[in-house]
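This report concerns only the one structure given below.
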Amino acid sequence: MSAILAPICRAPLLAAVLLLTLVGAPSAAEQDQRAERGTYRLYPGDLVAVSVYGHDDLSTELRVPASGPVTFPLIGEINAVAGLERDAFAARIREALERDYLHHAAVTVTVRAFAPRRVFVMGRVARPGAVELSPFVSLTANQAIGQAGGFRDDANRAATVVLRGDVEQPGQRQALPVPRIDPAGRGRAVVLQPGDLLLVPRLDRVYVLGAVARSGAVDLPSDEQLTVSKAISLAGGFTRFARQDAVQILRAGTESESIDVGALLSGKQDARDPVLQPGDTVSVPESRF
Numbered sequence: 002m003s004a005i006l007a008p009i010c011r012a013p014l015l016a017a018v019l020l021l022t023l024v025g026a027p028s029a030a031e032q033d034q035r036a037e038r039g040t041y042r043l044y045p046g047d048l049v050a051v052s053v054y055g056h057d058d059l060s061t062e063l064r065v066p067a068s069g070p071v072t073f074p075l076i077g078e079i080n081a082v083a084g085l086e087r088d089a090f091a092a093r094i095r096e097a098l099e100r101d102y103l104h105h106a107a108v109t110v111t112v113r114a115f116a117p118r119r120v121f122v123m124g125r126v127a128r129p130g131a132v133e134l135s136p137f138v139s140l141t142a143n144q145a146i147g148q149a150g151g152f153r154d155d156a157n158r159a160a161t162v163v164l165r166g167d168v169e170q171p172g173q174r175q176a177l178p179v180p181r182i183d184p185a186g187r188g189r190a191v192v193l194q195p196g197d198l199l200l201v202p203r204l205d206r207v208y209v210l211g212a213v214a215r216s217g218a219v220d221l222p223s224d225e226q227l228t229v230s231k232a233i234s235l236a237g238g239f240t241r242f243a244r245q246d247a248v249q250i251l252r253a254g255t256e257s258e259s260i261d262v263g264a265l266l267s268g269k270q271d272a273r274d275p276v277l278q279p280g281d282t283v284s285v286p287e288s289r290f
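If you read the sequence shown in our numbering, its first letter stands for residue 2, the second for the next number, and so on.
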């Protein structure tokens, strides 16, 4: 997948400004005010400054980790910082200091730099690549497509999906269909999250992603049906650590389907090899062991 995502394109500054105007982007001052109110949730990679009034020796800057603890003077390790509201993080530090070291601790947490948040728009759009997300302004799938220059003429709009990691099944993905929004603004918009993959397939293609030799688009043949195993073969086959028993078929508007391609390749008689449809995505997870 890295080969596909390598070219990172950004929309021109004017288009970004117009888009943010349409969705009601807050000014820089308003962003600072929201962060200062403590309602902002800390995100992995954020740089935060922590100060304790009257105790300059305890003031420090730290980077929020994706997992694991951060270390603070006197207290030691503080766990599960990512996802905490700014004030909740300050409260944890204050409580720990007052419990063991200080009679009264006035703790202030300020976000010095926000970590980059990105989604990736792939497939049949004018400018595929990364799209930046604001910490404060929601971005929908349709808006991201607009920021990537819009659909190409051969885009399979009905099969456009957002591929999102499944928190309950690491390594698996869920496919969220992207509905068309009518001129009156009716329709259920898909709000993007960092790390989402927005895929706009071509009318006559499927995509094979994940633990295969060549992630990317596979053309549907005109003279025969394309099955899951054939698509994986055309993508160069499995990599060494591929989960051959948990290959997913992701199709807009339907539940994802898990296929044991390993059983199929080993000659198991009742193994299934479903026929793919235009716009399908075959996702091959990687084993963690």
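Where is the CB? At the ideal position from N, CA and C, for every residue including glycine.
For secondary structure counted as the beta strand (DSSP E) over 3 or more consecutive residues, the segment 207 to 242 holds these complete runs in sequence order: 217 to 220.
The segment 205 to 219 and the segment 232 to 241 touch, with three or more beta-carbon pairs separated by less than 8 Å.
Around the beta carbon of D47, 16 or more other beta carbons lie within 10 angstroms, which makes this residue buried. Judged by DSSP secondary structure, E99 falls outside any beta strand (DSSP E) and instead within the alpha helix (DSSP H) spanning R87 to D101. Only residues of its own chain outside the window of five on either side were considered, and among them D58, L59 and T61 have a CB closer than 8 Å to the CB of P74, listed in chain order. In this chain, A50 is not harboured by any alpha helix (DSSP H); it is covered by the beta strand (DSSP E) spanning L48 to V53.
The residues V108, T109 and V110, in chain order, have a CB closer than 7 Å to that of A91 in the same chain once the five nearest residues on each side in sequence are set aside. Taking L140 as reference, the option from P222, Y41, D197 and S284 with the minimal CA-CA separation is D197. Contact between V276 and L227 is confirmed by a C-beta separation of about 7 Å, below the 8 Å threshold.
DSSP links G124 through a beta bridge to V201. Annotation: L98 to Q278 spans about 60 Å, alpha carbon to alpha carbon. With 16 or more other CB atoms across the displayed protein chains lying within 10 angstroms of its CB, F121 is buried. Contact check for I250 against D220 fails: the beta carbons are separated by 8 Å or more. Pairing R174 with D167, the inter-Cα distance amounts to about 5 Å. About 13 Å separates the CB atoms of L134 and V163; that is not less than 8 Å, and the two are not in contact.
Per DSSP, L164 lies in no alpha helix (DSSP H) segment; the continuous beta strand (DSSP E) that holds it begins and ends at V162 to G166. V179: not part of any beta strand (DSSP E); DSSP gives it neither H nor E. Annotation for R125: F152, R153, D155, A156, N157, V201, P202 and R203 place their beta carbon closer than 8 Å to its own, counting only its chain and skipping 5 residues before and after.
Burial state of Q270 is exposed, judged by a 10 Å Cβ sphere holding fewer than 16 other Cβ atoms. In the three-state scheme derived from DSSP, where H, G and I count as helix and E and B as strand, V65 is classed as coil. The beta carbon of A272 sits closer than 7 Å to the beta carbons of D261, A264 and L265 from its chain, once the five residues preceding and following it are set aside; these are given in chain order.
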